[in-house]
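Taking it in order: structure first as structure tokens, then the write-up.
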Amino acid sequence: MRKRSKLNLAKPSTAKQTLATRLAPRIALHFAMGAALGMILGICLIYLNVAGIRDTILSHIDPGGTLAVLGASFALQFGIAAALTGFVLETEKA
Numbered sequence: 637m638r639k640r641s642k643l644n645l646a647k648p649s650t651a652k653q654t655l656a657t658r659l660a661p662r663i664a665l666h667f668a669m670g671a672a673l674g675m676i677l678g679i680c681l682i683y684l685n686v687a688g689i690r691d692t693i694l695s696h697i698d699p700g701g702t703l704a705v706l707g708a709s710f711a712l713q714f715g716i717a718a719a720l721t722g723f724v725l726e727t728e729k730a
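Numbering-wise (the working numbering), the sequence shown opens with residue 637 and increments by one.
Right, dumping it as structure tokens:
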């Protein structure tokens with residue numbers, strides 16, 4: 637009888653999968669924290685009326701849409717920045 641080869645070809649791919657599965661939730665957490673901070677900053681800018689932003693937004697035709705876009709853009713920008721920073725920090729640990 638012929639002996640079976642003991643090459644384990646699945647091992648390197650599972651090592652990559654475990655690294656990816658370990659990193660994804662952590663990076664998502666960093667994104668969520670950054671998005672929350674960005675939204676808080678946007679709310680503070682509007683509430684405190686820094687540089688007359690609230691007055692300018694409320695004078696537009698659709699102030700609700702403008703407020704939503706402003707909040708979403710702050711959240712997205714901070715979220716992406718936090719996710720990139722988290723990726724660098726988490727890959728440094730691994």
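The beta-carbon is built from N, C-alpha and C at its ideal position, and this holds for glycine as well.
#1: Between I689 and I697, which are expected to be in contact by the criterion C-beta below 8 Å, what is the C-beta distance as a whole number of angstroms?
#2: Only counting the same chain, and skipping five residues up and downstream in sequence, which positions put a Cβ closer than 8 Å to that of L703?
#3: Could you tell me the boundaries of the alpha helix (DSSP H) in which G707 lies?
#4: Give the straight-line distance between the Cα atoms of L677 and F710, rounded to the nearest whole angstrom.
#5: How would you write the range of the alpha helix (DSSP H) that L684 sits in, first residue to last?
#6: Grab me the residues of G670's own chain with a C-beta within less than 7 Å of its C-beta, minus the 5 sequence neighbours each way, in chain order.
According to the data block:
#1: Numbered from its first residue, the sequence shown carries residue 689 at position 53. Numbered from its first residue, the sequence shown carries residue 697 at position 61. Rounded, the Cβ-Cβ distance is 17 Å, inconsistent with contact.
#2: Here residue 703 refers to the residue found at position 67 when the sequence shown is read from its first residue. The residues are I682, I693.
#3: The sequence position of residue 707 within the sequence shown is 71, counting from 1. From DSSP, the alpha helix (DSSP H) with G707 extends over 699 to 729.
#4: As a first step, residue 677 is located in the sequence shown; it is residue number 41 there, counting from the start. As a first step, residue 710 is located in the sequence shown; it is residue number 74 there, counting from the start. Distance between the alpha carbons of L677 and F710 is about 8 Å.
#5: Taking the sequence shown and counting its residues from 1, one reaches residue 684 at position 48. Run containing L684: none; DSSP gives neither H nor E here.
#6: If you number the sequence shown from 1, residue 670 lands on position 34. Cβ neighbours of G670 beyond the five flanking positions: F714, G715, A717, A718, A719.
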